[in-house]
Every structure is written in structure tokens, then in C-alpha cells.
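Reading through the C-alpha cells given below for one structure.
In our numbering, the protein residues as written are -8 to 81.
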């Protein structure tokens, strides 16, 4: 698999996460499911708790970051613009 395909798969994985949804109800439902699975129906390991803590930490860190704006300019050998790609709000 090429590096580009791996990056595309990673971007799609993050985008489909219910924790990344702009709808607060969807995010709360996902968090509720995570905490429900942690209830003491069976013995949980320290690794399970650490996984939940890391997921919530990463989510909090992403939500606290400022939005980004990415521009990519590609120039032909003659110096003219060959491509302009803008991602984000412009």
C-alpha cells in the first residue's frame, strides 16, 4: 500500500468517528457508549481505562485547537501557477 493510500484511510477513519461529529447529541451518545462499556459487568484491565482516558484526552486537545487554513500552490517550470488548492474556510 502506498503512503498516500494510508493517509487517505487515516483521514477517512478520523472523519467517520462519532466523537468528531459537530452534533453534541451524537458525541454524547458515543461517550455514553464508551462509559457504559466500562461499567463493572466484568473485570476491566488498566489498559481499557488507559484507552478511554487517551481517547478523551485526544478529543479535548483537538477541540481546543484553532481551526486551520491550508493552501497549496503548484507552479509549472515556466513559473505560471499550475494548480491552486484551498482546504478549509477561505
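We treat Cβ as the ideally placed atom computed from N, Cα and C, and that holds for glycine.
Nearest to residue i (by Cα), restricted to the options the options
i	options	result
residue 65	76, 55, 59	76
residue 51	1, -3, 18	18
residue 63	53, 54, 78	78
Residue i - DSSP class collapsed to helix/strand/coil
i	result
residue 75	strand
residue 57	coil
residue 64	strand
Given 8 Å, three or more beta-carbon pairs between the stretch 19 to 29 and the stretch 39 to 55: yes
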